[in-house]
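Report on one structure; see the data block that follows.
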Amino acid sequence: MIGGGPAGYTAAIRAGQLGFKTAIVEKRGTLGGTCLNVGCIPSKALLHATELFDEASHGFAKFGIKAEGVSVDLDAMMAHKSKVVGELTKGIEFLMKKNKVTYIVGAARFAGPDTIDVALNGGGTRTIKAARTMIATGSDVSSLPGITIDEKTVVSSTGALSLAKVPAKLIVIGGGVIGLELGSVWRRLGAEVTVVEFLDRITPAMDGEISKNFQRILGKQGFEFMLSHKVTGVKPTKKGATVTVVPVAGGDEKVLEADIVLVAVGRRPYTDGLNLAAAGVATTERGFIPVDAHYATNVPHIYAVGDVIGGLMLAHKAEEEGVAAVEIMAGQHGHVNYDAIPGVIYTMPEIANVGRTEEELKKAGIAYKIGKFPFTANARAKANGQTEGFVKVIADAATDRILGAHIIGADAGNMIAEVVTAIEFGGAAEDLARTSHAHPTEMEAIREAALGVNGAIRQM
Ligand code: FAD
Ligand code: NAI
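Residue numbers (the working numbering): -16 to 443.
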């Protein structure tokens, strides 16, 4: 395995379990990849901490709790984040040992189709001969032409996870997942946040109704949005940086000032330094490694999984692929159901989705039915004071089979799992609607939305 992220380490564990003699090469110095080190986990630690702060500052009064003088110790908050990351990455190292996987700390480079040279972090080179190689080198930050990310004033997600102080003014370029999650972190800590998005809505791949509501809710939280604007330049200044934007449709240029600029316009496949040419592995024009249904590249004994092959750039998608690829190598029936991969944005409220959006179904000419249920009508959400959002279940008009689900809600990320399971089992909206749900739980909103698909909502 080249790369110790969710794709590589999960594949290595499965390979160890299946009896393959396995080595994992990782150059970062710690296992866990982007996700554990500078992605999923540190961002969630900061999202949770700042959510608690926000709640204690503004949300307790309605429950009759008086919290005065609530303040933030940013260093302690960052220390919590680092402790969690440290413990989890060490945990992965333990899992390598437990599954008899050799962990090699260094940068891998193909010397030929079967030979990999590793420039060891500790000095020297180790050459490995491998009957099969799996490329799981992930992705890296993309930037825009003419913008230099210095990770101090002009930062990527990595820099935005470790700012030394709360910026008075943060400009986020890109209204996608990273921009809105990390924008939320700093907004809650007091930064003024403006999101500049090229397209006419935030989270453009999401169901349109969800995007619209999400933007409205974030607006209430103090986010400012400049949609349909493109950034033409970012210049560092003495105090921070200036960001030049112009409307996409044409019009006057505006110059915005910021203490910190977060560039969050997507990620690119990462194959730098791998010397793929020596192995004869092909890439697409955008640098992704194309694979067949068995995750083999154009060189049959070299496989690739995770962010580097494209598709959804999500840790759990990368893990599924790593496991499936190894199982296929072992002659088993590894498989990834791409219709049942959930996506979650861990803001407050959370956004969660699985399957198709209304826009996709309309485009594909598939007739569908919708059931929706708002959290304002859910007893538990009311008791918890978390009534923002709704559940939307989409089912095939003819067969009632569930085609997608989209949730905005405080616990949407956990809730979506029920619909993912139902889709995995080929379930219909009626299956969800006839399943007993504990009362009072937010999960009942899924059942009500599923009942709504066939016009039978009970609790509203
Ligand atoms: P990576 O995790 O990128 O791992 C690849 C590893 O390969 C890296 O550690 C790299 O150092 C190593 N490597 C590269 N080249 C070499 C080489 N030549 N030799 C040795 N090692 C090499 N996804 C979610 O599902 N949920 C989330 O909440 C979430 N939050 C995120 C938040 C942020 C800020 C970011 C940036 C991403 C987030 N993601 C999230 C996406 C997630 O991190 C990725 O989808 C996931 O890490 C991809 O896993 P991977 O194993 O394919 O690649
Ligand atoms: P993204 O693809 O989610 O969003 C990028 C946004 O930038 C899009 O809305 C796009 O239209 C906009 N954009 C592109 N070029 C622009 C320009 N020139 N000017 C203004 N806007 C522009 O990418 P993001 O947020 O960088 O995240 C990268 C990846 O990391 C995502 O694919 C995501 O899957 C993963 N991730 C997942 C998380 C999760 O699962 N909770 C959290 C964070 C990241």
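We put the CB at the ideal spot given by N, CA and C, even for glycine.
At least one heavy atom of the ligand NAI sits closer than 8 Å to the Cβ of phenylalanine 181.
The beta carbon of isoleucine 154 sits no closer than 8 Å to any heavy atom of the ligand NAI. Residue environment analysis places leucine 57 among the exposed positions, since fewer than 16 neighbouring C-beta atoms fall within 10 angstroms of its C-beta. The beta carbon of alanine 6 lies closer than 6 Å to those of Thr85, Ile87 in the same chain, with the five residues before and after it left out.
Bounds of the alpha helix (DSSP H) holding valine 309 are 298 to 312.
DSSP assignment within the segment 107 to 155 yields the following whole alpha helix (DSSP H) runs of 4 residues or more, N-terminal first: 140 to 143. Looking at the DSSP output, glutamate 240 shares a beta bridge with Thr225. In this structure, glycine 166 lies away from leucine 210, with their beta-carbon atoms at least 9 Å apart.
In the DSSP assignment, proline -11 falls within the unbroken alpha helix (DSSP H) covering -11 to 0.
Phenylalanine 197 is positioned such that its CB atom lies closer than 9 Å to that of isoleucine 391.
A direct Cα-to-Cα measurement between lysine 345 and isoleucine 200 gives close to 26 Å. Between the segment 345 to 363 and the segment 294 to 302, the count of Cβ pairs shorter than 8 Å is below three; the stretches do not touch.
The beta carbon of phenylalanine 3 is closer than 6 Å to none in its chain, skipping five residues each way along the sequence.
Under the rule that a run must span 4 or more residues, the alpha helix (DSSP H) segments found entirely inside the segment 318 to 403 read 341 to 347, 362 to 367. Relative to the ligand NAI, the beta carbon of glycine 326 is positioned inside 8 Å of a heavy atom. Shown here, proline 273 sits in coil according to DSSP, grouped into three states, outside any helix or strand.
In the structure shown, the three-state DSSP call for arginine 430 is helix. For threonine 5, the beta-bridge partners assigned by DSSP are Val84. Residue environment for valine 238: exposed (fewer than 16 other C-beta atoms within 10 angstroms of its C-beta). DSSP lists no beta-bridge partner residue for glutamate 180.
Three or more beta-carbon pairs separated by less than 8 Å link the segment 141 to 155 to the segment 167 to 181, which places the two stretches in contact. The beta-carbon separation of valine 138 and isoleucine 243, rounded to 6 Å, stays under the 8 Å limit for a contact. The nearest non-hydrogen atom of the ligand FAD is 8 Å or more from the C-beta of leucine 71. Taken through DSSP and simplified to helix, strand or coil, arginine 92 comes out as strand. Proximity of the beta carbon of proline 219 to the ligand FAD is not indicated: no heavy atom of the ligand is located closer than 8 Å.
For arginine 199, the uninterrupted alpha helix (DSSP H) run begins and ends at 191 to 203, by DSSP. Per the C-alpha coordinates, the member of Leu29, Lys27, Ala50 positioned closest to glutamate 38 is Ala50.
Set against 8 Å, the gap from the CB of threonine 424 to the closest heavy atom of the ligand NAI is not smaller.
About 22 Å separates the Cβ atoms of leucine 144 and glutamate 76, ruling out a contact at the 8 Å cut-off. Below 8 Å, too few C-beta pairs join the segment 42 to 49 and the segment 19 to 28 to call them touching: fewer than three. Secondary-structure assignment with DSSP links valine 101 through a beta bridge to Ala91, Arg109. Around leucine 71, the same chain offers Gly15, Leu19, Ile24 as residues with beta carbons nearer than 7 Å, after the five sequence neighbours per side are excluded.
Sequence-distant Cβ neighbours of aspartate 123 in its own chain, meaning closer than 7 Å and more than five residues away, are Arg250, Arg251, Tyr253. Between valine 376 and valine 403, the C-beta gap is not smaller than 9 Å, which leaves the two residues out of contact.
Counting only residues of its own chain and dropping the five nearest sequence neighbours on each side, isoleucine 399 has a CB closer than 8 Å to the CB of Pro325, Val327, Ala335, Asn336, Val337, Ala388, Ile390.
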